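*Asks:* Protein chains in written order, with the numbering used here: chain Y, 1 to 194; chain F, 1001 to 1194.
Number of protein chains: 2
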Amino acid sequence: MASPHQKQTMKDRILQTADRLFYLKGIRAIGVDTISAEIGISKRTLYNHFPSKDALIAAYLEHRFVQPKPSDRSPVEQILGTFDALERRFGAEDFRGCPFVNAVAELGGEDKSVKDIAVAFKESRRLWFRDRLVELGVADPDRLATQLQLLVDGSIAQDLVRDDPAMARAAKEAARVLLENAGVKVSSPDGAKA
Amino acid sequence: MASPHQKQTMKDRILQTADRLFYLKGIRAIGVDTISAEIGISKRTLYNHFPSKDALIAAYLEHRFVQPKPSDRSPVEQILGTFDALERRFGAEDFRGCPFVNAVAELGGEDKSVKDIAVAFKESRRLWFRDRLVELGVADPDRLATQLQLLVDGSIAQDLVRDDPAMARAAKEAARVLLENAGVKVSSPDGAKA
DNA sequence: GCCAAGGTACACAGGTCTGTGTAACTAAAA
DNA sequence: TTTTAGTTACACAGACCTGTGTACCTTGGC
Chain Y
1 MASPHQKQTM KDRILQTADR LFYLKGIRAI GVDTISAEIG ISKRTLYNHF
51 PSKDALIAAY LEHRFVQPKP SDRSPVEQIL GTFDALERRF GAEDFRGCPF
101 VNAVAELGGE DKSVKDIAVA FKESRRLWFR DRLVELGVAD PDRLATQLQL
151 LVDGSIAQDL VRDDPAMARA AKEAARVLLE NAGVKVSSPD GAKA
Chain F
1001 MASPHQKQTM KDRILQTADR LFYLKGIRAI GVDTISAEIG ISKRTLYNHF
1051 PSKDALIAAY LEHRFVQPKP SDRSPVEQIL GTFDALERRF GAEDFRGCPF
1101 VNAVAELGGE DKSVKDIAVA FKESRRLWFR DRLVELGVAD PDRLATQLQL
1151 LVDGSIAQDL VRDDPAMARA AKEAARVLLE NAGVKVSSPD GAKA
């Protein structure tokens, strides 16, 4: 973990492959046989590293729970840049929506642990927006952060079914309107730095 | 179909039960045995009415594709009322997100017909917004309709993971800001008719 | 050389799933 | 009464799933 040159462990390879297949094809659609076959290991080895498929699913979701990198850009640029990043990801052919929302949709309210991590993820994203809005001094950062997160999740859901990266642009424009309405000065209607 | 007093056919009962279980528990999570057992019929009878589970899934999604009732309220009230209706549905304990988004998330891009009907549904909803925005004479009804639909889908996704009907209120407030920004006069910040 | 850790091959238990085949039953229509 | 359409009970095929048991093999460290 410390050294980037460190050889990838077996556990890493299993998790990485499970991550890719679970995300692309769905958690229920992928069996442990498929994962081990894809890596070229025996199913026994997989079970030596993860006690059950449920444990592998939990590891998958935790693995997806990554914090955004710190940035030295201005709060407004960071907020609006979120939607540019979304648009880029929508364009990739291996994008298939939000893994947490998908997992909840797929596994239902049955599995409480899945829902818990999904809620934690969504809340962490909302708080990320909120921190930047506080920095900007807007009146009601909590409310606006929630609304920005609505635009993020809405564009993800829309792109999931429509495969249309323009959804991210529409969300960005809406976000700009909401920011300006909250008294935030936003430079130009489209990409001043371009 | 014409008379509301008409006795419910076997096919209706199957579809209705499949609808409820598919939506609540997930399509992959429910087998045809479960559906037939729930109704108290044999699995053979189910297969006499639907040639395959895939056909039943298709019928389920078509059954969910309902058009909004015509309304005599003003366009603005209709648009904002959408979010009030959402909030009501979020409060129900049998609400589990958008069946079309869930189906795409669950069945993946593999099944093209599922994606097709999901796209058709989302587009029909977007056009519903668009029609009302045209009536209001806004400058760019297509863009704003897309953005309102983003708020709808965003609040649905958020409520799915958080079980928080307040997401609909946040979406409604954002919708009001977007409408006002487009030059639409919106009466009061919260429920003038209350 | 020897040992121990971890991987492999492979069978298998026990469950679920979709879908079919078949013979008997029921009830309404003719 | 006879026919016919729909339903039932039930077994079963064939596939896939999670998870385990077991005996063998490979490899690096001592």
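By construction, the Cβ of each residue, glycine as well, lies at the ideal position given by its N, Cα and C atoms.
Bear in mind the structure is a predicted one, so any value in this text is a computation, not a measurement.
How long is the line joining the alpha carbons of Pro1051 of chain F and Pro141 of chain Y, rounded to whole angstroms?
*Replies:* Rounded to whole angstroms, Pro1051 of chain F to Pro141 of chain Y spans 54 angstroms at the Cα level.
*Asks:* Run through chain F and tell me which residues come within less than 9 angstroms of Arg125 of chain Y, C-beta to C-beta.
*Replies:* None at all; the shortest Cβ gap to chain F is about 11 angstroms.
*Asks:* Over the uninterrupted alpha helix (DSSP H) stretch that includes Pro75 of chain Y, give me the two end residues.
*Replies:* Looking at the DSSP string, the run of the alpha helix (DSSP H) that includes Pro75 of chain Y is 75–91.
*Asks:* So what's Gln1147 of chain F in DSSP terms, helix, strand or just coil?
*Replies:* It is helical.
*Asks:* Taking its Cβ as the centre, do 16 or more other Cβ atoms sit within 10 Å of Gln1008 of chain F, making it buried, or is it exposed?
*Replies:* Exposed.
*Asks:* So what's Gly183 of chain Y in DSSP terms, helix, strand or just coil?
*Replies:* Coil, per DSSP.
*Asks:* Taking only the alpha-carbon atoms, compute the straight-line gap between Val184 of chain Y and Leu151 of chain Y and give it to the nearest angstrom.
*Replies:* Approximately 18 angstroms between the Cα atoms of the pair.
*Asks:* Which chain Y residues are close to Arg1089 of chain F, counting only those with a beta carbon under 9 angstroms from its beta carbon?
*Replies:* Residues of chain Y passing the Cβ test: none, with the nearest at roughly 16 angstroms.
*Asks:* Would you mind stating whether Phe1090 of chain F and Met1167 of chain F have Cβ atoms separated by less than 8 angstroms?
*Replies:* Yes; because the gap between Cβ atoms is below 8 angstroms, this pair is in contact.
*Asks:* Give me, in chain order, the residues of the same chain whose beta-carbon lies closer than 8 angstroms to that of Asp153 of chain Y; leave out the 5 immediate sequence neighbours on both sides.
*Replies:* Excluding sequence neighbours, Asp153 of chain Y sits near Cys98, Val101, Lys122.
*Asks:* Apart from the five residues on each side of it in sequence, which residues of its chain come closer than 8 angstroms, Cβ to Cβ, to Met1001 of chain F?
*Replies:* Low confidence applies here, because Met1001 of chain F scores a pLDDT of 41, under 50, leaving its location unreliable and the question unanswered by this model.
*Asks:* Quick one: which unbroken beta strand (DSSP E) runs of 3-plus residues sit fully inside the segment 4–58 of chain Y? Chain order, please.
*Replies:* Runs found: none.
*Asks:* Nearest to Pro1070 of chain F by CA position, among F:Arg1020, F:Arg1028, F:Lys1043, F:Phe1129, is which residue?
*Replies:* Residue F:Phe1129 is the option with its Cα nearest to Pro1070 of chain F.
*Asks:* Tell me which residue opens and which closes the alpha helix (DSSP H) that Ala1139 of chain F is part of.
*Replies:* Unbroken run through Ala1139 of chain F: none, as it is neither H nor E.
*Asks:* Just the C-alpha distance for Val997 of chain F and Ala1018 of chain F, rounded to the nearest angstrom, thanks.
*Replies:* Since the first residue of chain F shown is 1001 and the last is 1194, residue 997 of chain F is not available in this structure.
*Asks:* Is there a C-beta anywhere in chain F that falls below 8 angstroms from the one on Phe129 of chain Y?
*Replies:* No - not a single Cβ of chain F is within 8 angstroms of the one on Phe129 of chain Y.
*Asks:* Between the Cα of Ala182 of chain Y and those of Y:Thr34, Y:Ala170, Y:Ala139, Y:Gln147, spot the shortest distance and give me the residue it belongs to.
*Replies:* With distances taken between Cα atoms, Ala182 of chain Y lies closest to Y:Ala139.
*Asks:* On the criterion of 16 or more Cβ atoms from any shown chain inside 10 Å, does Ser155 of chain Y qualify as buried, or is it exposed?
*Replies:* Ser155 of chain Y comes out buried.
*Asks:* Could you check which residue in F:Asp1033, F:Asn1048, F:Pro1075, F:Glu1038 has the C-alpha nearest to that of Glu1135 of chain F?
*Replies:* Nearest of F:Asp1033, F:Asn1048, F:Pro1075, F:Glu1038 to Glu1135 of chain F, Cα basis: F:Pro1075.
*Asks:* Classify Gly31 of chain Y: buried if its beta carbon has 16 or more other beta carbons within 10 angstroms, exposed otherwise.
*Replies:* That one is exposed.
*Asks:* Nearest to Arg1020 of chain F by alpha carbon, out of F:Arg1044, F:His1049, F:Phe1095, F:Gln1067?
*Replies:* Here the closest residue by C-alpha is F:Phe1095.
*Asks:* Among the residues of its own chain, which have a CB less than 8 angstroms from the CB of Ala103 of chain Y, if the five just before and after it don't count?
*Replies:* Excluding positions up to five away in sequence, the list reads Ile27, Ile57, Leu61, Val114, Ala118.
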